[in-house]
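Numbering (the working numbering), first residue to last: 6 to 364.
In structure tokens form, the structure reads like this:
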């Protein structure tokens with residue numbers, strides 16, 4: 006539906022069903038899929054222990070553990086008494102033991118059998134408790150998500166009526182996580198906006214969105230990154246959010262970026278055949294990649310080799326051509342790329358040629 010058409014105008018042609026359709030879609034949360042506050046896990050897992058079924062099984066485990074400890078103590082006591090009276094060779098000399106020794110030996114075996122059975126029952130009760138605890142935790146998570154899905158659209162709708170689809174708290178949280186590029190953040194901010202009140206404002210909004218899409222098309226997205234482990238229990242912070250640095254500090258940031266780039270470039274050029282860097286020489290000079298992907302340090306040289314083969318070699322044809330921007334050298338095929346990577350940049354791959362794709 007065109008943003009320039011009013012709902013009442015459309016209703017005259019399509020009836021009341023359009024208003025119901027618009028209300029249902031408007032009530033849906035537009036920022037829920039990117040909202041880092043979405044309760045995908047419990048803030049405090051201790052609430053699972055308050056579920057009646059979990060408390061019953063927890064008490065059952067406690068009783069089974071008490072019985073197991075008693076049976077183990079009885080077995081150890083009976084075994085110690087038998088060893089104290091007849092020595093450590095009572096098993097081999099069973100035929101020579103007197104009647105009291107046979108009775109003591111049977112008593113030890115019976116205590117051992119009871120101890121094993123009590124331990125098995127305790128393990129079974131513990132397993133049932135863990136499974137039930139997991140089920141109840143998943144149930145509480147689903148309830149939280151369902152509650153979030155029903156309540157959050159109301160808050161988002163009120164914010165949408167004020168003209169802002171993604172609030173500042175969500176945007177700041179996304180920036181802190183580090184898995185979205187600045188171009189992606191700009192795209193979200195320009196696309197998820199309300200239509201302009203005038204034709205000129207609407208044209209300007211669409212032009213800004215088109216420019217954001219053009220800027221985002223040149224960005225190469227890296228591999229998926231894990232969500233950082235942020236502690237769920239945090240103290241209240243009364244300090245105001247940090248303000249962006251003043252413009253006069255931007256040259257310092259540029260100088261720092263250039264220094265880091267030169268240091269990364271110098272680290273990928275090996276000086277001896279045994280030197281093994283951990284930064285990809287193709288990624289570090291690719292200006293279309295995010296900064297975090299360009300200067301990414303792999304854990305081991307083997308991890309860098311796997312990244313280089315999988316991303317830059319394996320999926321391309323054998324007559325691939327690329328340029329090493331560090332050495333200003335044209336690489337005409339896969340063998341040339343692999344030889345250059347090993348001799349100049351220290352990336353060694355032990356994979357057979359058949360594993361590198363078409364050669």
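Positions of the beta carbon are idealized from the N, C-alpha and C atoms, including for glycine.
In the structure shown, what three-state DSSP assignment does residue i receive?
{"i": "residue 323", "result": "coil"}
{"i": "residue 348", "result": "helix"}
{"i": "residue 356", "result": "coil"}
{"i": "residue 47", "result": "coil"}
{"i": "residue 32", "result": "Confidence at residue 32 is low in this model, with a pLDDT of 44, below 50, so its placement is unreliable and no value can be given for it."}
{"i": "residue 332", "result": "coil"}
{"i": "residue 264", "result": "helix"}
{"i": "residue 198", "result": "strand"}
{"i": "residue 313", "result": "helix"}
{"i": "residue 207", "result": "helix"}
{"i": "residue 308", "result": "helix"}
{"i": "residue 302", "result": "coil"}
{"i": "residue 278", "result": "coil"}
{"i": "residue 250", "result": "At residue 250 the pLDDT is 46, less than 50, meaning the model places this residue with poor confidence; the figure from the coordinates comes in the next sentence. Coil."}
{"i": "residue 293", "result": "coil"}
{"i": "residue 74", "result": "helix"}
{"i": "residue 337", "result": "coil"}
{"i": "residue 2", "result": "Only positions 6 to 364 of the chain appear in this structure, which leaves residue 2 out of reach."}
Checking 8 Å against the spacing of the C-beta atoms, do residue i and residue j come in under that value?
{"i": "residue 299", "j": "residue 289", "result": "yes"}
{"i": "residue 73", "j": "residue 123", "result": "yes"}
{"i": "residue 138", "j": "residue 66", "result": "no"}
{"i": "residue 324", "j": "residue 345", "result": "no"}
{"i": "residue 286", "j": "residue 212", "result": "no"}
{"i": "residue 157", "j": "residue 50", "result": "no"}
{"i": "residue 341", "j": "residue 275", "result": "no"}
When we look at the beta-carbon of residue i and count the other beta-carbons within 10 Å, is it buried (16 or more) or exposed?
{"i": "residue 85", "result": "exposed"}
{"i": "residue 343", "result": "buried"}
{"i": "residue 245", "result": "Model confidence at residue 245 stands at a pLDDT of 44, short of 50, so the residue's coordinates are unreliable; what they give is reported in the following sentence. So residue 245 counts as exposed."}
{"i": "residue 336", "result": "buried"}
{"i": "residue 111", "result": "exposed"}
{"i": "residue 295", "result": "buried"}
{"i": "residue 273", "result": "buried"}
**Report entry** Three or more C-beta pairs below 8 Å linking the segment 268-282 and the segment 300-315
**Finding:** Contact holds: three or more Cβ-Cβ distances are below 8 Å.
Query raised in the report: Between the segment 56-63 and the segment 105-125, do three or more beta carbon pairs fall short of 8 Å?
Result: Here the segment 56-63 makes no contact with the segment 105-125; the two share fewer than three CB pairs at distances below 8 Å.
Query raised in the report: Does the segment 348-356 come within contact of the segment 313-322, defined as at least 3 CB pairs closer than 8 Å?
Result: The segment 348-356 makes contact with the segment 313-322; the number of CB pairs closer than 8 Å reaches 3 or more.
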